[in-house]
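Before any comments, here is the structure.
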Amino acid sequence: MHGTSADNLNTKVTALLNELELQRRNTGDFGFSLRRTTMLDRSPDGGVYRRVVHFAEPGAGTKDLALGLVPGDRLVEINGKNVESKSRDEIVEMIRQSGDTVRLKVQPILELSELSRCWLRNTEGLRRDDRHVSKFYDFFTLKC
């Protein structure tokens, strides 16, 4: 395998954009969380640089595909405004000001989305036994 995993993730982004409209829940949130990471990218001249990427993902403990988000969905827009160069604080403020609904535009990273869907299908209703098995190991040994 060549390059870093960040290189690989960056080159596997699909052009498909998903648009979602989420309703504010009784708890005051929209049922998703933000995750920030730094990815490596290439400039047109071939140089490598780091860029910050935000992901909109189902909230902790959420396995509801009806929300329309899966881990690995890169956040592109909130309410029609591009957020790719915004800070986390700016993004959070845009979400807070959304009222009862928020419109998100996300771009799945194909491999992360497929692994997440596989995990959701295979863990639905699963009961763990008392053995101490790494969640990382469990994740990658599932049959899709």
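In terms of the working numbering, the sequence shown opens at residue 247 and continues consecutively. Idealized CB from N, CA, C, for every residue including glycine.
Residues of the same chain with a CB within less than 7 angstroms of the CB of V348, apart from the 5 flanking positions on each side, are L268, F276, I324, N325 and I341 in chain order. DSSP, read as helix, strand or coil, puts R297 in strand. Distance between G314 and L280, taken at the CA atoms: about 15 angstroms. Note that the C-beta distance between V338 and V329 is not below 8 angstroms.
Taking C-beta atoms as the reference points, R334 and R282 count as a pair closer than 8 angstroms. Between the beta-carbon of F278 and that of A306 there is about 10 angstroms, and that puts the pair past the 8 angstroms contact cut.
When DSSP states are grouped into helix, strand and coil, D335 belongs to the helix group.
Q353 counts as buried, since at least 16 other C-beta atoms from the protein chains shown sit within 10 angstroms of its C-beta. A direct Cα-Cα distance of roughly 27 angstroms separates Q343 from I355.
The Cβ neighbour count for P290, taken over all protein chains shown within 10 Å, is under 16; the residue is labelled exposed.
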